[in-house]
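K.L.:
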Amino acid sequence: MNGKIVRWVDEKGFGFINSDELEGDVFVHISKFTDGYRRPQVGDEVEFQLSNSGSKLSASSAQLVGIETSKSNPLSIILSALFVGLIGAGLYLLVLEPKLNPAYENMGFSCQGKTHCSEMLSCDEAKFYLANCPNVKIDGDRDGIPCESQFCSHY
106 MNGKIVRWVD
116 EKGFGFINSD
126 ELEGDVFVHI
136 SKFTDGYRRP
146 QVGDEVEFQL
156 SNSGSKLSAS
166 SAQLVGIETS
176 KSNPLSIILS
186 ALFVGLIGAG
196 LYLLVLEPKL
206 NPAYENMGFS
216 CQGKTHCSEM
226 LSCDEAKFYL
236 ANCPNVKIDG
246 DRDGIPCESQ
256 FCSHY
């Protein structure tokens, strides 16, 4: 059926349609309109189907006629994706990355001339020495993991 919006209460999301084919106005809720269109306004032409429930006439579905759908702007989609990506990268750098790669220079250790794993007391100390102290001999296979057989096998 076809009709025209004769009353619309936008803040409550409902209105009434008048059709030449029916006596009286037909109630319509905003949820019954097809997605992708702007909100209805008084005077808009609509196509609708009647609901069979209840004693009052109401629309079970409705669509604005002669109104173009709201089209997504590809540039805004790209910018939104870029923004979300930047936020994700920032969160990674600020939160997750420091937990995965702790700063061993801030662990209270200092270079005291230790050069071998047998002189280290923990994996954290060995990692500090490998990252900050010269002439250490604690990474024999040069894979970046110190004292693998003593402390850091689970690195």
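Each number in our numbering corresponds to the 1-based position in the sequence shown with 105 added.
Note that the Cβ used here is the ideal one computed from N, Cα and C, for glycine as well.
Could you tell me whether the region 152 to 168 touches the region 131 to 139, where touching means 3 or more Cβ pairs closer than 8 angstroms?
P.N.:
Contact between the region 152 to 168 and the region 131 to 139 is present, because at least three Cβ pairs lie under 8 angstroms.
K.L.:
Can you have a look at F121 and say buried or exposed, based on whether 16 or more other CB atoms are within 10 angstroms of its CB?
P.N.:
Buried.
K.L.:
Let me check understanding here. Comparing Cα to Cα, which of C238, L180, S165 lies closest to K219?
P.N.:
Closest option to K219, Cα to Cα, is C238.
K.L.:
Specify the secondary structure class of S166 as computed by DSSP and reduced to three states.
P.N.:
Residue state, collapsed to three classes: strand.
K.L.:
Note down the Cα distance separating I250 from A186, rounded to an integer number of angstroms.
P.N.:
So the two alpha carbons sit approximately 37 angstroms from each other.
K.L.:
Can you give me the start and stop residues for the alpha helix (DSSP H) that I122 sits inside?
P.N.:
That residue, I122, is in no alpha helix (DSSP H); its beta strand (DSSP E) goes 119 to 123.
K.L.:
With DSSP as the reference, label L109 as helix, strand or coil.
P.N.:
A small correction: the amino acid at residue 109 is Lys; Leu does not occupy that position in the sequence shown. Strand, per DSSP.
K.L.:
Please report how far the alpha carbon of V318 lies from the alpha carbon of H221, in whole angstroms.
P.N.:
Here the chain comprises residues numbered 106 to 260, so residue 318 is not present and cannot be evaluated.
K.L.:
When the Cα atoms are used, what is the spatial distance from G141 to T174?
P.N.:
Their backbone Cα atoms lie some 5 angstroms apart in a straight line.
K.L.:
Between the C-alpha atoms of G148 and R112, what's the straight-line distance to the nearest angstrom?
P.N.:
Spanning the two alpha carbons is a distance of roughly 8 angstroms.
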